[in-house]
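*Asks:* Going by the UniProt record's numbering, the sequence shown opens with residue 1, and the numbers climb by one from there.
For each residue, glycine too, the CB sits at the ideal point set by N, CA and C.
Computed from a prediction, not measured in an experiment: that's the story for all the values here.
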Amino acid sequence: MRSRETEIGEVVSISGNVITVQLSNTVRSNMPIIDGIVYRVGQIGSFLKIPLGYENIYGIVTQIGAAAVPDKFITDYNQNFIDSENRQWLNMVLVGEQIGDNFERGVSQSPTIGDKVHIVTIKDLDIVYGVMDNNNSINVGNISISQSLNAKIDIDRMISRHCAILGSTGSGKSNAVGVILNAIATKNFNSARVLVIDPHGEYNSVLNGKSNVYKIRADSSNEEKELYIPFWALPFNELMSIFPGSISDQNIEYFRSEIVKAKKNLQKLII
């Protein structure tokens, strides 16, 4: 593929990690066809790249149109609107760089004025999104800007830190959690254990046949199992506080030893 086929404009302004791009007048269409694939130029959230020697810098489009015109061009743009109306502008935020076949978040160097900006092809996206180890990742869908690429989550990174799935009502939070749980269960990670506290009973059907469901007043016809919550599930100090009056140290130690015995002898799932 010739680089000229993917070139769409050049850098005209740099402000931190925000790059302003002026699209070339030679771009014949906002939906060019490259190697038989249709690409959309300037779609919000899409990637663009800036080649710098042996590496490529990647950015995500955040703004397009007159609002993206740099301040130093605004006066000229307003006074010569007829001459400028064929010019198109967009802003992109730098997010990472590619050296060889490796993609890393963050950039070690910035572009300069006049550097050429290119469409990101399917091959480029495969490098950006395909860096995860398949053994430690799960597939949860497809990348919206390229349906041929799988959307993956690094399971080690996800469970080794705090994470949350946020969204407004009806946005698909429960569905997203269900997809992730199903992907983990299907992947059959060795010694993997997932505990789901499901007060609304949303995930039983998602994990049908791949999980054990424990419930108070369980329905055995639905293969639910009775949930037993022992009295000593409370922290020891809180458990002792339910007894009125003062308790001698000897009795406290007796209770402590009996609780340890109960935990060791229990044969059922404890939560």
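#1: Mind checking which residues open and close the beta strand (DSSP E) that includes residue 317?
#2: Would you mind listing the alpha helix (DSSP H) stretches within the UniProt domain "Helicase HerA central" (138-259) that are 4+ residues and don't spill past its ends, in chain order?
#3: My output table needs one value for Asn25: the three-state DSSP class, helix, strand or coil.
#4: Would you identify the three-state DSSP class for Tyr39, choosing helix, strand or coil?
#5: Near Glu253, what residues of its chain come up, given a Cβ to Cβ distance below 6 Å and the 5 sequence neighbours on each side ignored?
#6: If you measure between the beta carbons of Ile155 and Asn136, is that distance less than 8 Å?
#7: Comparing C-alpha positions only, which one of Ala176, Tyr39, Tyr203, Pro235 sits nearest to Ile5?
#8: How about the region 171-182 and the region 203-215: do they share at least three Cβ pairs that are nearer than 8 Å?
#9: Give the secondary structure of Val128 by DSSP, where H, G and I count as helix, E and B as strand, and everything else as coil.
#10: I'd like the span of the beta strand (DSSP E) that includes Thr62, first residue to last.
#11: Nearest chain D C-beta to Val11 closer than 8 Å, yes or no?
#12: Expressed to the nearest angstrom, what Euclidean distance is found between the alpha-carbon atoms of Lys123 and Ile34?
#13: Ile82 to Val93, Cα distance in whole Å?
*Replies:* So, to answer that:
#1: An answer regarding residue 317 cannot be provided, because it is not within the stretch 1 to 271 covered by the chain.
#2: 155-159, 173-187, 236-240
#3: Residue mapping note: residue 25 aligns to position 25 of the sequence shown, counting from 1. Coil.
#4: Translated into the one-based positions of the sequence shown, residue 39 becomes position 39. Correct three-state label for Tyr39: coil.
#5: Locating residue 253 in the sequence shown gives position 253, counting from the first residue. Closer than 6 Å at the Cβ level, and outside the excluded window around Glu253, lies no residue.
#6: The count along the sequence shown starts at 1 and reaches residue 155 at position 155. The count along the sequence shown starts at 1 and reaches residue 136 at position 136. For Ile155 and Asn136, yes; Cβs fall inside 8 Å.
#7: For the purposes of this step, residue 5 is taken as the residue at position 5 of the sequence shown. Correcting the residue type first, residue 5 is Glu in the shown sequence and not Ile. Of the candidates Ala176, Tyr39, Tyr203, Pro235, the one whose C-alpha sits nearest the C-alpha of Glu5 is Tyr39.
#8: yes
#9: In the sequence shown, counting from the first residue as 1, residue 128 sits at position 128. DSSP places Val128 in helix when its eight states are reduced to three.
#10: Your numbering for residue 62 matches position 62 in the sequence shown. 55-64 is the span of the beta strand (DSSP E), which, as asked, contains Thr62.
#11: Any reference to chain D falls outside this structure, which holds one protein chain only.
#12: Indexing the sequence shown from 1 puts residue 123 at position 123. Indexing the sequence shown from 1 puts residue 34 at position 34. Answer to the nearest angstrom: the Cα atoms are 12 Å apart.
#13: One-based indexing of the sequence shown puts residue 82 at position 82. One-based indexing of the sequence shown puts residue 93 at position 93. At Ile82 the pLDDT is 45, less than 50, meaning the model places this residue with poor confidence; the figure from the coordinates comes in the next sentence. Using only the alpha carbons, I get a separation of about 29 Å.
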